[in-house]
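K.L.:
My questions will all concern the structure given below.
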Amino acid sequence: MWSYLAYRLAGAVLVIYGAVTIVFLVLYWLPGDPAVLVAGESATAETIANVRRQLGTDQPLWQQYTTYISGLVQGNLGVSFSTREPVSGRLWAQVPSTLALTLLACGVAIVLGILLGVTAAVNKERWLDHLIQTLTVFVTAMPSFWLGILLIMVFSVGLRWLPAIGNGSIKQLVLPVACLGLIASGRLARMVRNSVLDVLHEPFVTTLRAKGLRERRVLFRHVLRNALIPVVTLLGMLIGELMSGAVVTETLFARQGVGRILVEAIGVKDIPVIQGVILFAAVFYVFINTLVDVSYVWIDRRVEL
Amino acid sequence: MSGSTGAWSYEASFVMSRRIAGAGLAPFDRPRERWQVTLAVMPRLSLLLPMLVIALILACAAVPGWLAPFDPVDMDGDAILQAPNAVHWLGTDNLGRDVFSLLIYGARQSMLMGGCAVAIGGVVGGAIGLAAGFAGRSTDVVLMRLLDVWMSVPDILLAIVLAAALGASLPNTIIAVGLVTIPRYARVMRAQVIALKGRLFVEAARATGVHPVAIVLRHILPHTLSPMLVMATLGVASAILIGASLSFIGLGVIDDRPDWGFLLSQGRSYLAVAWWFATFPGLAITALVVSVSLLGDALRNRVDPRLRTDQ
Amino acid sequence: MPIFETNVATRRQFAGLLLAGAGLGALPAPGRAAPASRHGGELQFALDGAAVVKFVLDPHNSGFAPHNRVFRSIFDSLVVLLPDQSVGPWLARSWEINPEQTSYTFKLRTDVVFHDGTRFDAAAVKANLDRIKNPMNALVALPDIGPYAGADVLADDTVRITLSEPFAPLLRNLSKTTLGIVSPTALARYGDTVGQNPVGTGPFRFVSLAQGTEIRLAKNPDYQWAPPTASHAGPAYLDGIVFKNVPEESTRVAALQSRQVHAADSIPPQNVTAIKADPGLRLLQKELLNNNYTLYPNAAKAPWDDEEIRLAFRLSLDVDAIVRIIYLGTLPRAWAPLSPSMFGSGDRQLAGSWKPDYKRAAEILERKGWIAGNGGVREKDGKRLSVSFIDTQGNREKRLDVIQLVRRQLARSGFELTIDSQPAGTYVQKLSRNEFDLSGASQFAPDPDVLRRLHAPEGRDKSSVSKVADPEISQWLKDGTREGEAERRTELYAKVQRKLVEKSYAIPIYVLLYNIATTDAVSGINIDTHGFPHFHGAWLST
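Below, the structure is given as structure tokens:
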């Protein structure tokens with residue numbers, strides 16, 4: 094087990110390193126001179142050269158890269174090109190909000206998704222199944238900004254129950270989390286339903302039933318556990334999707350978040366900030382997926398380490 | 051509906067009814083006959099509608115000019131933001147364009163976006179997942195790490211970078227969305243393949259010296275089709291939805307025959323004053339996604355090999 | 019040269035003048051006898067910060083209008099722009115200009131203190147101007163001080179600004195938020211990060227900044243130096259302001275309608291009617307002094323270097339229809355590059371100066387060898403008559419909707435327009451490399467000198483949206499900066515604007531009216547002559 098974890102950890106570090114490297118290269122290739130963008134419209138050639146020196150973008154690619162990586166190893170994320178603040182500071186200001194949003198939305202998606210999926214599977218082809226299938230396919234079919242606007246229209250403007258914008262309080266989280274979580278839960282519920290139905294056809298289920306195990310026990314102890322494998326896979330991916338969804342949701346609900354600084358940083362080619370966000374996303378993603386992979390082992394003993 | 055589809059849906063319903071009766075969780079003491087009768091009719095109805103919808107959308111995509119009452123490029127300055135009426139059945143947008151005609155022409159863009167992106171994502175992703183899952187060992191490790199790197203970069207970033215480098219256009223958006231979705235197909239495929247590899251019939255085939263390629267083609271690939279199909283149907287949906295999100299961020303394709311996601315994104319700020327402008331594109335997306343998903347489910351029931359072996 | 023004294027200038031009642039440019043909207047009457055409820059409260063303001071997260075609260079380093087709307091509450095300027103477009107005293111009590119117009123001597127108020135306790139004096143002014151002048155700092159405000167050569171501290175309350183040559187725009191520029199006075203102590207202490215730690219002398223002091231979402235300001239209780247345009251002397255009524263950055267327009271309107279905020283700005287046209295009709299809401303609006311949103315055919319690239327092709331392009335456009343359809347009658351159409359209320363605007367002279375003429379456009383194009391080809395798009399020597407429009411800001415102020423209509427109108431004459439929407443980096447690069455056919459932009463400014471920054475090749479940035487290089491225009495613009503006499507200056511700019519329009523170098527589209535919608539609990543928000551909000555006189559009734 095321990096060697097497995099160590100192996101996973103090494104893999105995680107590699108993934109993060111890979112992500113940072115690829116993004117570094119892509120950003121370098123992206124058109125536009127950051128120094129010109131920082132110096133502004135009125136800058137002279139001399140000023141731009143000076144800014145370039147300050148930013149370190151006058152150095153060759155490999156040197157910029159090694160400087161960045163060695164800084165990273167020492168825990169230094171660099172300084173934002175556009176605000177000249179440490180990137181870590183800018184990130185920390187935004188990360189809690191994004192984490193709260195994505196993790197809560199993920200939680201909502203898991204609970205709702207498994208609940209609805211199992212209910213639908215158990216009631217296969219009955220009205221409850223049809224209802225759940227219809228509802229889930231409808232929420233899945235909605236772009237997040239569209240669902241978000243409808244939620245704002247109903248719950249903020251119409252009923253005035255919940256605030257439309259900002260972050261800080263729990264109340265302000267309800268609508269954005271509902272928006273992201275509902276959409277993700279629809280996808281999850283469909284996966285759970287199909288997966289549970291698949292497992293129900295496995296011979297071992299018939300065997301268990303034949304042994305006289307109670308239906309509930311068969312369902313939750315054995316069927317669900319096996320049905321969760323593809324579901325858990327989806328879950329790992331869901332985190333990435335939720336992070337992307339956050340870009341839209343954060344803008345719509347005027348919330349803080351890494352999604353928004355990312356979009357802006359790309360616009361002005363603020364490489365250290367983009368790298369910082371990528372690093373955060375990569376670490377978060379790798380962490381969740383390591384959990385997922387470890388949970389395979391727990392869920393299905395047929396997977397060997 | 052043509053005869054062949056009718057037979058198809060009948061067969062599907064037959065298979066499904068067998069499945070329910072034989073292995074479902076439903077309590078077994080129900081009168082079997084009644085179920086069989088209902089189920090034989092029900093799926094046919096529930097299939098008819100989505101197939102009709104898809105056929106209609108495909109027709110729109112193929113020959114929009116025959117179906118649209120107006121050229122969507124036409125902007126009538128005297129008819130902006132008109133509510134649905136006898137002339138403009140679904141109203142007009144903020145530029146005085148006929149929303150109904152926009153939707154008909156938008157079908158082509160949206161179907162192109164959804165279909166091509168799924169093709170890119172599904173084929174490339176499926177191949178990677180299959181290779182990783184079946185080969186195992188170092189191939190698996192390398193491929194999965196690469197995918198991890200890929201996935202750890204948020205979708206939108208890749209899309210923005212591509213838009214920045216290539217310029218916003220329909221092919222570029224399709225490429226971006228397709229590339230973004232590769233890992234999800236790969237992951238699902240790999241998980242399925244790994245699960246299947248441990249199954250008796252695969253191990254038996256191996257033990258008897260069947261060629262690996264044959265194992266993959268005959269024993270593994272058919273069994274992975276079911277989740278991949280479900281993924282693909284949902285993939286058409288998610289491709290259109292990602293396209294819509296790109297439009298929301300301002301990276302959409304600004305064509306004079308816009309796709310549905312772009313229309314919805316444009317209409318969103320008019321919801322309070324001209325609900326039809328955003329609502330109908332929204333409904334069009336929903337109708338397409340729902341239909342494709344239902345069709346996918348039906349297909350799944352038909353191609354699922356276990357339904358046959360179980361009998 | 020005029021000399022202003024504080025006691026000479028009248029404290030103007032601003033209300034009537036606010037609506038001068040627009041004649042639209044209802045305005046709460048500020049400046050009447052103060053009811054007891056005027057004091058206290060925290061104003062929640064939903065600001066259209068666009069999709070920009072980075073709030074740089076350094077007045078010298080942001081040309082972005084939403085930032086400048088916040089600056090006005092934190093920073094004061096040496097002078098204030100009066101409603102008649104002349105300049106009045108503020109932190110400077112009076113000034114004298116030498117006959118050569120190269121030296122401005124300002125007498126400063128002596129009772130002004132920065133939020134950090136630093137005294138405002140001549141050295142503070144010098145520190146600010148020297149900072150802006152230093153090219154190493156690469157600040158956005160640099161062109162605002164023009165040929166600034168240096169400042170001398172003559173006494174604690176006297177500073178002399180020396181110019182290397184006359185620069186007529188200086189006084190108006192000094193009234194801009196971009197030349198707001200920052201505490202020299204803060205400048206020294208925070209350096210590059212002063213934008214996250216703004217310290218000024220304004221009616222509100224900076225409390226906190228949540229990047230991307232929120233700026234909190236609190237009342238400056240010591241404030242006694244409101245400009246003559248203010249509704250009252252003394253500290254602001256509000257205890258504080260919270261600016262919430264809500265880039266999504268439908269959400270901004272929803273936040274106001276749900277009463278989560280007291281006020282929201284940049285209300286889109288489609289919601290203006292509903293807000294005016296709502297008895298619980300009010301709408302203020304006023305022209306933003308600016309170089310109007312204008313389309314620029316790329317005069318440095320074929321075929322747009324041909325005056326007649328540009329003319330055919332212009333004659334194919336029905337700007338009236340564009341403005342009416344997109345802005346639903348909420349904004350006036352622009353005739354001149356400079357917005358109508360700005361000093362030197364040619365709007366009145368140029369009104370009705372041209373009409374769309376599709377026949378003539380077709381004639382010109384035929385004569386020039388552009389013959390209708392495949393799909394109605396004209397071709398010449400196998401090259402299509404295509405127009406690549408470059409843009410970066412998305413559909414801000416519905417500009418992409420404008421372009422979509424432009425595309426439709428141009429198609430009638432056989433032009434084929436494509437929209438090339440790019441992130442800022444690519445956008446700037448493409449502008450610099452001349453890789454576009456059509457651009458469009460607006461710049462807020464109180465002085466017609468903004469035209470020089472756009473249309474005179476010398477001193478213009480490589481990435482300028484305008485590539486006009488017309489010796490006559492350049493000369494007039496140069497003369498304009500040196501001409502101290504208002505009437506002669508106006509004449510120069512009238513000639514510039516006429517030629518820009520006649521030669522189709524610039525096709526002005528609409529005049530932006532900056533607007534703020536508030537709940538009926540809010541009174542006394544002023545939109546100043548520049549078109550930026552002042553919260554000094556605002557209060558909340560309970």
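Residue numbers (my numbering), protein chains in the order written: chain A, 94 to 398; chain B, 51 to 361; chain C, 19 to 560.
We put the CB at the ideal spot given by N, CA and C, even for glycine.
1. Does the distance between the C-beta of Y110 of chain A and the nearest non-hydrogen atom of the ligand NAD fall short of 7 Å?
2. So with CB distances below 7 Å, who are the chain B contacts of I343 of chain C?
3. Can you check whether the CB of P204 of chain B is closer than 8 Å to the CB of A374 of chain A?
4. In the DSSP assignment, find the unbroken alpha helix (DSSP H) run with K496 of chain C in it and report its ends.
5. Name, please, each residue of chain C whose Cβ falls closer than 7 Å to the Cβ of Y235 of chain B.
6. Rounded to whole angstroms, how far is the Cβ of V79 of chain A from the Cβ of V199 of chain B, which I believe are closer than 8 Å?
7. Closer than 9 Å by beta-carbon distance: list the chain C residues that pair up with V203 of chain B, in chain order.
8. CB-CB under 7 Å to L193 of chain B, same chain, minus the five flanking residues each way: which ones, in chain order?
9. Please report how far the alpha carbon of Y60 of chain B lies from the alpha carbon of W95 of chain A, in whole angstroms.
10. So the alpha helix (DSSP H) N143 of chain A belongs to, where does it begin and stop?
11. Under a Cβ-count criterion, where at least 16 other Cβ atoms within 10 Å of its own Cβ denotes burial, should M246 of chain A be classed as buried or exposed?
12. Would you give the residue range spanned by the beta strand (DSSP E) that A173 of chain C belongs to?
13. Taking 8 Å as the threshold (C-beta atoms), are A118 of chain B and G146 of chain B in contact?
14. So with Cβ pairs under 8 Å, would you call D198 of chain B a contact of chain A?
15. Considering only C-alpha positions, which residue in the set C:A140, C:L65 and C:F185 is nearest to V177 of chain C?
16. Out of curiosity, what's the CA-to-CA distance linking P355 of chain C and K386 of chain C?
17. State the Cα-Cα distance for the pair E253 of chain B and F313 of chain A, rounded to the nearest angstrom.
18. Given this structure, state the Cα-to-Cα distance separating K237 of chain C from E266 of chain C, to the nearest angstrom.
19. Tell me, please, which residues DSSP counts as bridged to N310 of chain C.
20. Less than 8 Å between the beta carbons of Q515 of chain C and G391 of chain C, yes or no?
21. Between L61 of chain C and the rest of its own chain, which residues show a CB-CB distance below 8 Å, the 5 nearest in sequence each way excluded?
22. Answer with yes or no whether the minimum CB distance from A133 of chain B to chain A is below 8 Å.
23. Kindly list, in the order they appear in chain B, the residues whose Cβ is closer than 8 Å to that of V270 of chain A.
24. Per DSSP, T189 of chain B is paired with what?
25. Beta-carbon separation of A287 of chain B and T342 of chain A under 8 Å?
26. What residue range does the beta strand (DSSP E) around A535 of chain C cover?
27. Output needed for S388 of chain A: all residues of its chain with C-beta closer than 7 Å, excluding positions within five of it in sequence on either side, in chain order.
28. Spell out the partners DSSP gives E397 of chain C in its beta bridges.
29. Strictly under 8 Å for the Cβ-Cβ distance: is L123 of chain B near chain A by that measure?
30. Using 8 Å as the limit for Cβ to Cβ distance, is S343 of chain B near chain A?
31. Could you check what DSSP says for N116 of chain C in three-state terms: helix, strand or coil?
32. Would you please state the rounded distance, in angstroms, between the beta carbons of A110 of chain C and L274 of chain C? I believe it to be under 8 Å.
33. Give, in chain order, every residue of the segment 241 to 264 of chain C whose Cβ lies closer than 7 Å to some Cβ of chain A.
34. Against G412 of chain C, what residues of chain B qualify as contacts under a CB-to-CB distance less than 7 Å, listed in chain order?
35. What are the boundary residues of the alpha helix (DSSP H) that includes Q229 of chain C?
36. From what residue to what residue does the alpha helix (DSSP H) around G317 of chain B run?
P.N.:
Reading from the atomic positions:
1. This structure lacks the ligand NAD; in fact it carries no ligand of any kind.
2. Within chain B, the C-beta atoms nearer than 7 Å to that of I343 of chain C come from G127, I130, L145 and G146, in chain order.
3. Yes, the Cβ-Cβ distance between A374 of chain A and P204 of chain B is below 8 Å.
4. Its alpha helix (DSSP H) spans residues P489 to R500.
5. Here the premise fails: no neighbours, minimum Cβ distance about 29 Å.
6. Nothing can be reported for residue 79 of chain A, as the shown portion of chain A is limited to 94 through 398.
7. In chain order: nothing, as chain C lies at least about 17 Å away.
8. Within the same chain, I178, A181 and A182 come within 7 Å of L193 of chain B by CB-CB distance, once the 5 residues on both sides are set aside.
9. Summary for Y60 of chain B: the model assigns pLDDT 28, below 50, so the residue's position carries little reliability; its value from the coordinates is reported in the next sentence. Roughly 54 Å separates the two Cα atoms.
10. Membership of N143 of chain A in the alpha helix (DSSP H) is indicated by the continuous run A138 to L148.
11. It counts as buried.
12. Here the beta strand (DSSP E) through A173 of chain C covers Y166 to A173.
13. For G146 of chain B and A118 of chain B, no; Cβs fall outside 8 Å.
14. By this cut-off, D198 of chain B is an interface position.
15. Among C:A140, C:L65 and C:F185, the Cα nearest to that of V177 of chain C belongs to C:A140.
16. Looking at the two C-alpha atoms, the distance is approximately 28 Å.
17. Near 28 Å, if we compare the C-alpha coordinates of F313 of chain A and E253 of chain B.
18. Each residue's alpha carbon lies about 28 Å from the other.
19. Beta-bridge partners assigned by DSSP to N310 of chain C: none are found.
20. Between Q515 of chain C and G391 of chain C, the CB-CB gap reaches or exceeds 8 Å.
21. Correct list, in chain order: L256, G258, I259, V260, H280, A281, V540, F553, A556 and L558.
22. A133 of chain B does not count as touching chain A.
23. The CB of V270 of chain A never comes closer than 8 Å to any CB in chain B; the least such distance is about 18 Å.
24. Answer by DSSP bridge pairing: none, since T189 of chain B is not bridged.
25. Not in contact: A287 of chain B and T342 of chain A (Cβ atoms no closer than 8 Å).
26. A535 of chain C -> beta strand (DSSP E) spans L531 to T537.
27. Same-chain partners within the cutoff: V325.
28. According to DSSP, E397 of chain C bridges with C:I389 and C:R402.
29. For the record, residue 123 of chain B in the displayed sequence is Val; it is not Leu. False, the Cβ-Cβ gap to chain A never drops below 8 Å.
30. Yes, S343 of chain B counts as interfacial toward chain A.
31. DSSP places N116 of chain C outside both helix and strand once states are collapsed to three, so it counts as coil.
32. At roughly 38 Å, the Cβ-Cβ gap does not stay under 8 Å, so A110 of chain C and L274 of chain C are not in contact.
33. Residues of the segment 241 to 264 of chain C that bring their beta carbon within less than 7 Å of a beta carbon in chain A comprise K262, N263 and V264, in sequence order.
34. Residues of chain B passing the Cβ test: G300.
35. Counting along the chain, no alpha helix (DSSP H) covers Q229 of chain C, and no H or E run does either.
36. Note, G317 of chain B: alpha helix (DSSP H), W310 to G317.
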